[in-house]
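Keeping their order, the protein sequence lines are chains A and B.
The opening residue of the first sequence carries number 1 in UniProt numbering; numbering runs sequentially from there.
The opening residue of the second sequence carries number 1 in UniProt numbering; numbering runs sequentially from there.
The beta-carbon is built from N, C-alpha and C at its ideal position, and this holds for glycine as well.
Worksheet: the structure to be examined is printed underneath.
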Amino acid sequence: MSMNPSPAMTGHGFNWRTFVGQNDAYLALIVLIVIGGLISPEFLTTLNLKNLLSQSAVLGILAAAQFMVILIAGFDLSVAAVMALSSVVFAQFAPIGLAPAAVLAVLSGLGCGAITGAFVTLGRVQPLIATLAMLGIARGFAFTVSEKSLLVDSPLVVAMSKSWGIISVPMVIWLVIAALLSVFLYRSRFGLHCLAIGGREQTAALAGVPVQRTKFLVYVAAGGLSALAGIVLVIRTQSGVPHVGNGWELASIAAVVLGGTALFGGEGQLPKAMAGVLIYQTIANLMNQVGLNPYYQDIVRAIIILAVVGVGIFRVRQSERRVNRAEIGETE
Amino acid sequence: MPDAVATLRNICKTYPGVKALDNVSLAVRPGEVLCLLGENGAGKSTLMRCLTGAEMPDSGEIVIDGTAYTALSATDGHALGIGMIYQESSLVPAMSVAENIFLGHEPSSGGMVNRRDLEARAVELMQRFDLRFPPDLPVRKLGPAQQQLVQILKALSRDLRILVMDEPTAALTQREIEHLFELVRTFRKDGIAIIYISHRLEEILEIGDRAVILRDGAFAAERKISETTEAQLIADMVGRNLDGKVSKKSHTGDKVVLSVEGLSSKGLFSDVSFDLREGEVLGLSGLVGAGRSDLLSCLFGATRRSAGTVRMDGAEIHPKSPREAIAHGMGLVPEERRADGLVLDRSVAENMAYPQLDRFVGPSGLRWSKLKAMSSQISERMRLRTPSQDQRVGLLSGGNQQKIVIGKWIAAGARVLLLDEPTRGIDVNAKREIYGLIEELTATGVSVILVSSELPEVLGLSDRIAVMSAGQMVAILDRDEATQINIMEHAFSRVSAGNGGIAA
Numbered sequence: 001m002s003m004n005p006s007p008a009m010t011g012h013g014f015n016w017r018t019f020v021g022q023n024d025a026y027l028a029l030i031v032l033i034v035i036g037g038l039i040s041p042e043f044l045t046t047l048n049l050k051n052l053l054s055q056s057a058v059l060g061i062l063a064a065a066q067f068m069v070i071l072i073a074g075f076d077l078s079v080a081a082v083m084a085l086s087s088v089v090f091a092q093f094a095p096i097g098l099a100p101a102a103v104l105a106v107l108s109g110l111g112c113g114a115i116t117g118a119f120v121t122l123g124r125v126q127p128l129i130a131t132l133a134m135l136g137i138a139r140g141f142a143f144t145v146s147e148k149s150l151l152v153d154s155p156l157v158v159a160m161s162k163s164w165g166i167i168s169v170p171m172v173i174w175l176v177i178a179a180l181l182s183v184f185l186y187r188s189r190f191g192l193h194c195l196a197i198g199g200r201e202q203t204a205a206l207a208g209v210p211v212q213r214t215k216f217l218v219y220v221a222a223g224g225l226s227a228l229a230g231i232v233l234v235i236r237t238q239s240g241v242p243h244v245g246n247g248w249e250l251a252s253i254a255a256v257v258l259g260g261t262a263l264f265g266g267e268g269q270l271p272k273a274m275a276g277v278l279i280y281q282t283i284a285n286l287m288n289q290v291g292l293n294p295y296y297q298d299i300v301r302a303i304i305i306l307a308v309v310g311v312g313i314f315r316v317r318q319s320e321r322r323v324n325r326a327e328i329g330e331t332e
Numbered sequence: 001m002p003d004a005v006a007t008l009r010n011i012c013k014t015y016p017g018v019k020a021l022d023n024v025s026l027a028v029r030p031g032e033v034l035c036l037l038g039e040n041g042a043g044k045s046t047l048m049r050c051l052t053g054a055e056m057p058d059s060g061e062i063v064i065d066g067t068a069y070t071a072l073s074a075t076d077g078h079a080l081g082i083g084m085i086y087q088e089s090s091l092v093p094a095m096s097v098a099e100n101i102f103l104g105h106e107p108s109s110g111g112m113v114n115r116r117d118l119e120a121r122a123v124e125l126m127q128r129f130d131l132r133f134p135p136d137l138p139v140r141k142l143g144p145a146q147q148q149l150v151q152i153l154k155a156l157s158r159d160l161r162i163l164v165m166d167e168p169t170a171a172l173t174q175r176e177i178e179h180l181f182e183l184v185r186t187f188r189k190d191g192i193a194i195i196y197i198s199h200r201l202e203e204i205l206e207i208g209d210r211a212v213i214l215r216d217g218a219f220a221a222e223r224k225i226s227e228t229t230e231a232q233l234i235a236d237m238v239g240r241n242l243d244g245k246v247s248k249k250s251h252t253g254d255k256v257v258l259s260v261e262g263l264s265s266k267g268l269f270s271d272v273s274f275d276l277r278e279g280e281v282l283g284l285s286g287l288v289g290a291g292r293s294d295l296l297s298c299l300f301g302a303t304r305r306s307a308g309t310v311r312m313d314g315a316e317i318h319p320k321s322p323r324e325a326i327a328h329g330m331g332l333v334p335e336e337r338r339a340d341g342l343v344l345d346r347s348v349a350e351n352m353a354y355p356q357l358d359r360f361v362g363p364s365g366l367r368w369s370k371l372k373a374m375s376s377q378i379s380e381r382m383r384l385r386t387p388s389q390d391q392r393v394g395l396l397s398g399g400n401q402q403k404i405v406i407g408k409w410i411a412a413g414a415r416v417l418l419l420d421e422p423t424r425g426i427d428v429n430a431k432r433e434i435y436g437l438i439e440e441l442t443a444t445g446v447s448v449i450l451v452s453s454e455l456p457e458v459l460g461l462s463d464r465i466a467v468m469s470a471g472q473m474v475a476i477l478d479r480d481e482a483t484q485i486n487i488m489e490h491a492f493s494r495v496s497a498g499n500g501g502i503a504a
């Protein structure tokens with residue numbers, strides 16, 4: 001019957017373009033690693049790869065938080081500040097015991113997320129504004145807890161800073177969180193609801209999706225994940241640092257979008273967003289390897305963010321144009 | 001006759017500036033196809049959105065199974081078995097067919113969804129209607145007709161007792177419509193109450209049992225389909241237009257003011273040519289998405305031109321921004337009046353002055369007295385009803401707001417007015433006044449391009465009518481040869497299956 005789609009539309013059989021389109025982030029990462037190996041002899045050493053992965057772990061967990069928020073068509077500018085707060089809370093209370101310290105740190109993150117979530121859902125404040133305010137609040141509290149970096153000399157934390165080849169504790173924590181969250185978002189009603197809210201909020205609401213509740217929970221989860229990033233940071237550096245992660249909120253957005261997540265929500269895969277984190281960190285790592293002036297590194301990072309976001313907006317425009325063309329029947 | 005499954009009683013709903021529903025009552029019984037008829041803006045969709053819980057009525061009640069509700073939420077609507085196929089797509093483009101069908105009531109255990117199960121259920125549902133979409137295909141890859149069917153499946157995936165269909169055939173071809181009607185007949189046999197909204201009378205005569213006609217937000221008539229005719233239904237719908245029909249004297253002069261040749265904008269419309277004379281009203285008709293608004297926005301310099309020439313008074317002009325177009329004497333009255341036509345939080349006087357603020361700037365800043373004098377003068381000419389020139393525009397009625405949008409261009413000395421749906425969402429009397437204004441302005445030599453989806457309006461006001469279809473101008477009809485029927489034929493001429501717009 002004419003109403004059923006033609007086989008061509010469903011795309012059976014192997015198609016190179018589809019393959020590249022679906023795996024662009026992974027392929028880009030592989031290409032980048034090959035380039036890295038070619039231009040710097042240090043790049044593929046065990047030590048460098050271990051560092052790269054363990055640096056990626058902290059940004060990766062932040063990016064997982066950012067991913068959820070971007071998926072529902074929001075932005076979270078507070079992730080890095082909440083991470084800093086959690087790191088000093090953890091470091092401050094570590095002498096009492098690592099478990100209670102970790103619980104308090106995570107609670108601080110969940111609390112921040114709940115406040116932003118409440119403003120966004122109940123107060124209908126723009127996510128950008130609400131999370132910008134939370135950035136200031138969490139940073140401020142971080143400095144209230146401690147003006148300077150706090151060293152953590154607990155034997156357990158020191159033990160966890162060990163590594164085995166390229167494997168480190170932060171990396172393992174990151175990968176476990178990313179894997180669990182990927183499966184959860186893919187398989188749960190909650191994950192489907194996030195996609196629907198980001199894709200077309202009105203449609204989701206009319207279908208009976210608890211839109212505001214879901215959004216609230218996403219901000220709470222983002223706060224909790226940011227706090228976990230703070231704990232991992234302490235494991236990595238043995239210290240809680242109130243000023244850490246300045247600018248990482250933007251890096252997390254760039255990484256998520258590099259990983260093919262739609263800038264304005266509704267589309268994305270967490271594993272690809274994590275590949276985006278590795279791409280971002282590999283570029284940063286290579287700039288260090290070739291000894292680029294740190295100020296230039298800042299400029300390059302800023303340009304990457306601008307380019308990635310620019311391309312994201314361009315993609316949205318293109319798909320709108322395509323829809324238009326399909327409607328007026330242009331063949332071009 | 002079975003008892004009503006749902007009764008709407010004395011429903012009222014007011015939007016800023018317009019009364020959308022005025023004391024409307026309606027009952028629908030199981031196993032009947034109740035057709036809801038009326039012109040654009042008659043309140044059909046709003047009434048149905050109150051029934052499904054998408055909109056809250058200001059007053060009145062909704063009685064379902066003997067329980068009276070003052071308002072329903074979307075969740076209530078689903079729980080009571082009320083489903084609606086909306087006119088605008090209610091699918092999430094990036095999500096798959098199966099995900100869309102079960103959105104909001106995904107089969108799950110402990111909050112987790114088994115995709116294989118989800119897709120199997122979708123396939124099972126599709127088989128009941130002889131459809132074979134791959135359940136994991138994102139719906140944005142489907143054509144409009146196929147998307148329409150997914151919307152129907154989505155409604156049917158819940159236990160339905162009432163199904164509201166708002167213009168379900170707008171994007172479908174004849175064969176697909178026949179298939180849809182078969183489905184509707186099946187639902188009727190199963191005892192589902194169907195409320196069917198359509199502009200296409202022949203469909204209503206074919207599928208309907210009973211018709212309720214709304215006019216300007218109020219109940220106008222009820223007819224049994226077996227005892228009525230198309231002419232009767234049209235008379236019920238237009239009612240007022242028969243006694244006070246829109247009709248305008250022609251003020252077309254000899255001089256060609258605007259001459260457009262081969263104008264194209266990539267992806268929007270192509271190869272459009274026409275002349276516009278002094279004092280002429282050129283109607284621009286076509287389906288939604290045919291490129292009418294895009295053409296206006298291109299002439300006004302707001303959308304890029306990819307080919308063609310535009311001449312004003314014989315000299316070639318290529319406005320690259322609205323600012324340039326305004327300097328050439330053009331003014332655009334946009335479709336989205338509140339978003340694009342006005343700054344709602346500012347005063348009448350300021351809104352009137354925006355296109356030509358420079359004129360009111362003296363050495364010591366804005367010259368308010370001069371500005372307000374201009375604004376008062378234009379307000380008087382437009383017969384604007386406002387407490388003062390300082391009134392915030394957002395607090396005025398839709399009709400008065402529209403007078404300001406038109407007035408600001410008159411103040412700026414526009415000679416070519418581009419009107420995009422100038423009477424949408426404003427009440428009958430205000431419409432009359434807008435028609436009167438168009439007449440007065442053309443008498444003074446202003447030329448008008450009028451985009452309107454209301455055919456009687458286009459037919460009554462235009463000296464000539466250009467019809468666009470799928471991005472091309474397919475005909476320019478003289479006033480005496482144009483009829484609703486031949487306009488519609490032209491409008492559909494380039495529209496095929498999966499390439500449609502929305503009939504208006």
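Where residue i falls: helix, strand or coil (DSSP)
i, result
"residue 131(A)", "helix"
"residue 312(A)", "helix"
"residue 169(B)", "coil"
"residue 236(B)", "helix"
"residue 453(B)", "coil"
"residue 13(B)", "strand"
"residue 411(B)", "helix"
"residue 24(A)", "helix"
"residue 294(B)", "helix"
"residue 503(B)", "Here residue 503(B) scores only 36 on pLDDT, less than 50, and its place in the model is too uncertain to base an answer on."
"residue 273(A)", "helix"
"residue 383(B)", "coil"
"residue 515(B)", "Outside the shown range of chain B, which is 1 to 504, sits residue 515(B), and nothing can be said about it."
"residue 22(B)", "strand"
Residue from the options with nearest C-alpha to residue i
i, options, result
"residue 87(B)", "14(B), 335(B), 288(B) and 79(B)", "288(B)"
"residue 448(B)", "23(B), 331(B) and 424(B)", "331(B)"
"residue 114(A)", "101(A), 51(A), 134(A) and 161(A)", "134(A)"
"residue 103(B)", "318(A), 200(A) and 287(A)", "200(A)"
"residue 80(B)", "155(B), 101(B), 10(B) and 271(B)", "155(B)"
"residue 248(B)", "466(B), 433(B), 31(B) and 400(B)", "433(B)"
"residue 177(A)", "285(A), 222(A), 35(A) and 146(A)", "222(A)"
"residue 423(B)", "28(B), 8(B) and 456(B)", "456(B)"
Beta-carbon separation (whole angstroms), residue i vs residue j, contact threshold 8 Å
i, j, result
"residue 83(B)", "residue 158(B)", "6 Å"
"residue 219(A)", "residue 120(A)", "6 Å"
"residue 125(B)", "residue 160(B)", "12 Å between Cβ atoms; not a contact."
"residue 280(A)", "residue 302(A)", "Residue 280(A) to residue 302(A), Cβ: 12 Å. No contact."
"residue 146(B)", "residue 133(B)", "7 Å"
"residue 112(A)", "residue 82(A)", "5 Å"
Beta-carbon proximity check, residue i vs residue j, cutoff 8 Å
i, j, result
"residue 142(A)", "residue 242(A)", "yes"
"residue 204(A)", "residue 29(A)", "no"
"residue 282(B)", "residue 418(B)", "no"
"residue 268(B)", "residue 309(B)", "no"
"residue 349(B)", "residue 390(B)", "yes"
"residue 272(B)", "residue 34(B)", "no"
"residue 230(A)", "residue 90(A)", "yes"
"residue 131(A)", "residue 116(A)", "yes"
"residue 22(B)", "residue 218(B)", "yes"
Test: residue i CB closer than 8 Å to a CB of chain E
i, result
"residue 40(A)", "Of the protein chains in this structure, namely A and B, none is chain E."
* **Whole beta strand (DSSP E) elements within the segment 65 to 121 of chain A, 3-residue minimum** => Listed in chain order, the beta strand (DSSP E) elements of length 3 or more contained wholly in the segment 65 to 121 of chain A amount to none.
* Residue ranges of each alpha helix (DSSP H) run of no fewer than 4 residues wholly in the segment 135 to 209 of chain B, ordered along the chain? -> Secondary structure remark: continuous alpha helix (DSSP H) runs of at least 4 residues inside the segment 135 to 209 of chain B, in chain order: 144 to 156, 174 to 189 and 201 to 207.
* Asked: Enumerated in chain order, which unbroken segments of the beta strand (DSSP E) with a length of 3 residues or greater are wholly contained in the segment 52 to 121 of chain B?
  -> Counting only runs of 3 or more, we get 59 to 64, 67 to 69 and 82 to 85.
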